[in-house]
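Chains as they are written, first to last, in this note's numbering: chain A, 1 to 287; chain B, 288 to 629. Glycine included, every Cβ here is placed at the ideal spot set by N, Cα and C.
In structure tokens, the structure reads:
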């Protein structure tokens with residue numbers, strides 16, 4: 001029964017990892033950009049929610065109404081002002097610029113909030129649980145998992161059913177031709193990053209409610225999101241959810257064997273999948 | 288028409304010859320450092336030499352082979368830990384342990400390369416980070432090396448290097464100096480070889496290099512394994528200087544990757560002189576601005592971004608574009624052609 005419990009908890013944790021990964025997957029799909037600062041932006045979202053909580057007394061779940069648009073705005077500005085200048089054939093500039101951004105963000109957060117671990121207080125919902133047959137599951141992890149499913153379904157619908165999605169797909173296929181068809185590439189890229197960071201905002205707030213975070217917590221979050229993307233297969237959003245679940249289950253099962261193996265077990269499962277299925281389990285596009 | 292004999296290809300320039308001659312007194316001065324420098328200066332110079340080695344190696348990987356790794360701390364930590372294990376657990380003399388560390392670095396990095404070369408570009412970068420995390424978490428499980436809290440090098444091993452504190456500091460400096468000479472020498476040798484021409488071609492245009500018949504995978508594999516083994520050696524020397532090792536210090540992404548990347552970007556990526564100049568600039572900044580703490584790191588990040596956006600070839604790239612400077616005889620120049628037009 002313990003093992004079944006670990007698998008269910010791991011599956012729900014996978015919802016959070018899918019949220020880490022969805023933003024990463026989105027910008028890679030549209031503009032082949034890998035954002036090394038992605039994890040630090042997740043942590044930044046948690047700190048913004050913390051500040052809204054302290055200054056306006058908002059519950060973090062309510063603060064999402066402010067954090068999501070704030071992060072989207074930051075994303076659009078970041079892409080238009082800095083990252084668009086690095087887009088081109090050479091992949092070194094975007095990589096090194098987002099790497100520099102990551103170091104800057106960590107140290108700005110360190111100056112503003114100190115290195116003390118922080119936590120977002122969401123009230124009674126944090127400890128509430130429901131009985132699902134033989135095991136009890138927390139309401140919060142279920143809420144996170146459902147959110148991840150809804151976000152991925154919405155992104156999928158947006159990509160294949162809306163004008164914006166068509167613009168994203170066109171730019172992804174051939175940037176120059178899309179430009180000729182009257183799409184403003186710089187603006188499209190800005191929108192993609194805005195959407196990516198809006199999802200990041202959800203991920204950051206849920207992360208902050210689940211565990212304590214500090215300015216250096218971003219690196220591990222980037223890695224988990226990246227592993228979920230690669231396990232699921234590049235460019236496949238539902239695959240990303242599957243990747244998150246596999247990673248989450250691997251971690252909780254690893255922790256069950258020995259607490260020291262929790263994170264290591266996730267990495268090892270990732271490396272095994274990379275060795276056996278280098279393109280991930282459900283690949284859509286080439287890297 | 289006897290145009291041909293007048294054409295000569297040379298890699299030397301007047302500047303590079305002057306520089307190589309100048310290197311002789313500089314090297315003699317540096318070897319004699321224990322007699323003219325204080326203990327603190329000697330330690331700082333040792334640190335500079337080791338950082339310069341890391342920068343030159345990372346630049347070979349990222350600047351030439353296009354393998355942008357953010358996980359070289361994997362090999363720094365691996366080298367440090369293996370050195371502690373070989374000397375303390377296996378009882379080897381430090382001088383025997385050091386070459387074994389290099390060999391082990393080659394051996395462990397080969398399968399890692401096979402695995403992570405499946406990831407392209409930026410995903411390769413994050414893949415290297417995962418490998419570094421696996422190394423860190425694994426070494427944290429080894430209880431005979433102190434587990435998560437780390438361990439200190441036992442005094443006997445330190446004493447086996449030399450008698451007396453001054454003599455030990457001198458030996459540590461000579462080892463660091465020897466390492467940087469070995470690393471720069473190895474890179475110069477590699478870049479002047481046939482492999483080096485292939486590498487430079489890959490740096491300039493991977494597609495064109497492939498169509499000329501260069502085996503891209505094998506060239507990159509060779510560079511990755513060579514760089515990783517030498518990085519492990521530098522890691523061993525870093526922790527021989529520090530005398531204490533722990534998983535967080537050994538596999539620190541900030542210390543062994545972020546700083547190194549900033550050094551190379553500021554100095555000029557894709558040139559041999561860039562990382563050398565970058566290291567000197569980095570330490571000059573650090574010694575004057577270190578009191579600023581986190582603000583200093585923010586400033587470094589901003590400088591690196593600004594350079595990447597507006598002068599992506601760095602300080603040395605700027606100098607080279609402007610005056611064609613090159614200190615090491617690496618690129619080939621054709622002479623005898625331009626005479627007629629001039």
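Taking 8 Å as the CB-CB cut-off, is residue i touching chain A?
i	result
residue 599 of chain B	yes
residue 408 of chain B	yes
residue 286 of chain B	Outside the displayed range of chain B (288 to 629) lies residue 286 of chain B, so it cannot be described from this structure.
residue 651 of chain B	Here chain B covers residues 288 to 629 and nothing more, so residue 651 of chain B does not appear.
residue 573 of chain B	no
residue 314 of chain B	no
residue 425 of chain B	yes
residue 405 of chain B	yes
residue 581 of chain B	yes
residue 432 of chain B	no
residue 517 of chain B	no
residue 428 of chain B	yes
residue 595 of chain B	yes
Residue i: which of the options sits nearest, CA to CA?
i	options	result
residue 265 of chain A	A:246, A:93, A:59	A:246
residue 402 of chain B	B:508, B:333, B:565, B:560	B:508
residue 76 of chain A	A:137, A:105, A:263, A:195	A:195
residue 394 of chain B	B:512, B:541, B:590	B:512
residue 295 of chain A	A:230, A:11, A:22	Outside the displayed range of chain A (1 to 287) lies residue 295 of chain A, so it cannot be described from this structure.
residue 149 of chain A	A:111, A:2, A:109, A:18	A:18
residue 362 of chain B	B:390, B:487, B:375	B:390
residue 482 of chain B	B:320, B:321, B:323, B:347	B:347
residue 335 of chain B	B:583, B:528, B:304	B:528
residue 448 of chain B	B:327, B:524, B:597	B:524
residue 134 of chain A	A:269, A:123, A:2	A:2
residue 269 of chain A	A:216, A:24, A:251	A:251
Using 8 Å as the limit for Cβ to Cβ distance, is residue i near chain B?
i	result
residue 278 of chain A	yes
residue 271 of chain A	yes
residue 108 of chain A	yes
residue 193 of chain A	no
residue 210 of chain A	no
residue 103 of chain A	yes
residue 226 of chain A	yes
residue 327 of chain A	Beyond the ends of chain A as shown, which are 1 and 287, falls residue 327 of chain A; an answer cannot be given.
residue 85 of chain A	yes
residue 267 of chain A	yes
residue 97 of chain A	yes
residue 190 of chain A	no
Give every residue of the same chain whose Cβ lies closer than 8 Å to the Cβ of residue i, excluding the five residues on either side of it in the sequence, and list them in chain order.
i	result
residue 282 of chain A	232, 233, 236, 238, 239, 242
residue 68 of chain A	198, 201, 202
residue 118 of chain A	46, 47, 50, 208, 212, 213, 214
residue 590 of chain B	549, 553
residue 411 of chain B	354, 355, 356, 403, 404
residue 407 of chain B	none
residue 147 of chain A	15, 19, 202, 206
residue 36 of chain A	95, 98, 99, 101, 102, 222
Over the uninterrupted alpha helix (DSSP H) stretch that includes residue i, give me the two end residues.
i	result
residue 55 of chain A	38-56
residue 316 of chain B	301-318
residue 346 of chain B	326-346
residue 297 of chain B	No alpha helix (DSSP H) holds residue 297 of chain B; the beta strand (DSSP E) holding it covers 295-297.
residue 60 of chain A	60-81
residue 35 of chain A	Premise fails: residue 35 of chain A is in no alpha helix (DSSP H) and is neither H nor E.
residue 357 of chain B	From DSSP, residue 357 of chain B is part of no alpha helix (DSSP H); its letter is neither H nor E.
residue 456 of chain B	452-479
residue 170 of chain A	163-173
residue 374 of chain B	Counting along the chain, residue 374 of chain B falls outside any alpha helix (DSSP H), and DSSP gives it neither H nor E.
Which residues mark the beginning and the end of the beta strand (DSSP E) in which residue i is found?
i	result
residue 138 of chain A	135-138
residue 131 of chain A	129-132
What does a CB cutoff of less than 6 Å around residue i pick up in its chain, not counting 5 residues either side in sequence?
i	result
residue 7 of chain A	249
residue 437 of chain B	532, 533
residue 426 of chain B	368, 534
residue 561 of chain B	554, 555, 601, 603
Given the structure, does residue i come close to the ligand ZN, in the sense that its CB is under 7 Å from one of the ligand's heavy atoms?
i	result
residue 222 of chain A	What this structure holds is no ligand at all, so the ligand ZN is not there to describe.
For residue i, which residues from the same chain have a beta carbon less than 7 Å from its beta carbon, with the 5 sequence-adjacent residues on both sides left out?
i	result
residue 70 of chain A	48
residue 329 of chain B	320, 321, 456, 460
residue 78 of chain A	193
- Message: Taking contact to mean 3 or more Cβ pairs, one atom from each stretch, closer than 8 Å, check whether the segment 45-56 of chain A and the segment 256-276 of chain A are in contact.
- Response: Taking a contact to require three or more Cβ pairs closer than 8 Å, the segment 45-56 of chain A and the segment 256-276 of chain A do not qualify as touching.
message = With three or more C-beta pairs closer than 8 Å as the rule, is the segment 378-385 of chain B touching the segment 507-519 of chain B?
response = At 8 Å Cβ cutoff, the stretches do not touch.
message = If contact is defined by three or more beta carbon pairs under 8 Å, each pair taking one atom from either stretch, is the segment 487-501 of chain B in contact with the segment 57-66 of chain A?
response = Between the segment 57-66 of chain A and the segment 487-501 of chain B, the count of C-beta pairs closer than 8 Å stays below three; the two stretches do not touch.
- [ ] Say whether the segment 348-358 of chain B touches the segment 411-421 of chain B, bearing in mind that this needs 3 or more beta-carbon pairs closer than 8 Å, one atom from each stretch.
- [x] In this structure the segment 348-358 of chain B touches the segment 411-421 of chain B; the number of beta carbon pairs closer than 8 Å is three or more.
task: Evaluate the contact criterion for the segment 476-495 of chain B versus the segment 448-463 of chain B: three or more CB pairs, one atom per stretch, below 8 Å.
output: No, the segment 476-495 of chain B does not touch the segment 448-463 of chain B.
_Count Cβ pairs between the segment 112-129 of chain A and the segment 140-148 of chain A that sit closer than 8 Å; are there 3 or more?_
Under the 8 Å Cβ criterion, the segment 112-129 of chain A counts as touching the segment 140-148 of chain A, having at least three qualifying pairs.
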